[in-house]
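Colleague: For the sequence shown, the working numbering begins at 15 and goes up steadily by one.
Cβ coordinates follow ideal geometry from the N, Cα and C atoms, glycine included.
First, the structure itself, so that you have it in front of you.
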Amino acid sequence: MLRNGEQVLLTLVLPALVLVGLSRTEVVDLGLAPGERAVDVVAPGVLALAVLSTAFTGQAIATGFDRRSGVLRLLATTPLGRGGLLAGRVLGVLAVEVVQVLVLGAVALAVGWRPDPVGLLPGALLVLVGTAALTALALLLAGVLRAEAVLAVANLVWAALLVGGGVVVPAAALPGAWGALVHVLPSGALGEGLRRASADGSLDVPALLVLAVWAVVAAAAARRWFRWD
């Protein structure tokens, strides 16, 4: 990842720019309550954005092009097997997310974020289940579409969820019924869950259940329709 400029841009640079920009400006209405600071809303949302970037967008694109080049089909015939290959990809995603949390967390602390330390465990649980859901969705996308289509769709979905998926902009700041709908999207569930864990240290159980359902359904769909060549 560190040798790939596009990956660094997607996983670290853009989330950091969003974090600093929205924490220091009022360009976007975040629906802040009286006394609530922008950084306390933006920082956990940017961590959710980082998970989305790595587990969904980056993984979908990488898997799509590995599939087109025949790498997946060849690796699936090794002793590692298909299950081992997919497990390795999930572990790789988690390793990148550790780097993202450390870097983006340090930037957030530097601009004034002060999360509730009790929320670390609920936040970590949400990230793990969210990673499972988003990685399964990425594999489903990469396994059914051509690589060029995966590239376009994955980037389009990333941009759409950044703007209106409840990731950085809270659901309360989104208009009408859409604000309620994002709670059942994996992006919205992860963003809202991390904001709650950061604010008061509690676990957002409905958000966790939404992510778990997405993980199970997407994994089953990927297992059913994923094509290795």
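For residue 68, which residues from the same chain have a beta carbon less than 6 Å from its beta carbon, with the 5 sequence-adjacent residues on both sides left out?
Modeller: Cβ within range, chain order: 25, 107, 110, 111.
Colleague: CB residue 55 to CB residue 209, shorter than 9 Å?
Modeller: A contact, by the Cβ cut-off of 9 Å.
Colleague: For residue 163 and residue 147, I'd like the C-alpha separation in whole angstroms.
Modeller: Their backbone Cα atoms lie some 21 Å apart in a straight line.
Colleague: Report the residue from 160, 100, 216 whose alpha carbon sits nearest the alpha carbon of residue 83.
Modeller: The shortest Cα separation from residue 83 among 160, 100, 216 belongs to 160.
Colleague: Evaluate residue 50 with the Cβ neighbour count: other Cβ atoms within 10 Å of its Cβ, from every protein chain shown; 16 or more gives buried, anything less gives exposed.
Modeller: By the 10 Å Cβ count, residue 50 comes out exposed.
Colleague: Where residue 230 and residue 143 are concerned, what is the direct C-alpha to C-alpha distance, given to the nearest angstrom?
Modeller: Roughly 10 Å between the two C-alpha positions.
Colleague: Just the Cα atoms here: how many angstroms apart are residue 86 and residue 235?
Modeller: So the alpha carbons of these two residues sit roughly 18 Å apart.
Colleague: Select from 91, 187, 122, 186 the residue whose C-alpha is nearest the C-alpha of residue 38.
Modeller: Of 91, 187, 122, 186, the residue nearest in Cα terms is 122.
Colleague: Is residue 201 closer than 9 Å to residue 66 when the C-beta atoms are compared?
Modeller: Going by C-beta atoms, residue 66 is nearer than 9 Å to residue 201.
Colleague: Can you check whether the CB of residue 36 is closer than 9 Å to the CB of residue 44?
Modeller: The answer is yes: Cβ separation under 9 Å.
Colleague: When the Cα of residue 181 is compared with those of 21, 126, 221, 124, which residue comes out closest?
Modeller: That would be 221, whose Cα lies nearest to the Cα of residue 181.
Colleague: With H, G and I counted as helix, E and B as strand and the rest as coil, what does DSSP make of residue 93?
Modeller: Reduced to three states, the DSSP call for residue 93 is coil.
Colleague: Spatial neighbours of residue 130 within its chain, please: C-beta separation below 7 Å, excluding the five flanking residues on both sides.
Modeller: Only 212, 213, 214, 215 meet the Cβ criterion.
Colleague: Going residue by residue through the segment 199 to 240, where are the continuous alpha helix (DSSP H) segments of at least 4 residues, counting only ones entirely within it?
Modeller: Those alpha helix (DSSP H) runs which fall completely within the segment 199 to 240 and span 4+ residues are 200 to 214, 219 to 239.
Colleague: Assuming residue 169 is part of the alpha helix (DSSP H), what are its boundary residues?
Modeller: Taken as a continuous stretch (DSSP letters only), the alpha helix (DSSP H) holding residue 169 covers 161 to 178.
Colleague: Using only alpha-carbon positions, find the residue among 227, 151, 183, 243 that is nearest to residue 73.
Modeller: For the residues 227, 151, 183, 243, the minimum Cα distance to residue 73 belongs to 151.
Colleague: Tell whether a beta-carbon distance below 9 Å holds between residue 75 and residue 156.
Modeller: Closer than 9 Å, so yes.
Colleague: Using a Cβ-Cβ cutoff of less than 6 Å, which residues in the same chain neighbour residue 242 once the five nearest sequence positions on both sides are dropped?
Modeller: Same-chain partners within the cutoff: 86, 87, 90.
Colleague: Which residues in the same chain as residue 62 place their Cβ atom closer than 6 Å to its Cβ, once the five residues preceding and following it in sequence are excluded?
Modeller: Once the five neighbours on either side are set aside, the close Cβ partners of residue 62 are 181, 204, 205, 208.
Colleague: Nearest to residue 183 by alpha carbon, out of 80, 53, 119?
Modeller: Ranking the options by Cα distance to residue 183, first place goes to 53.
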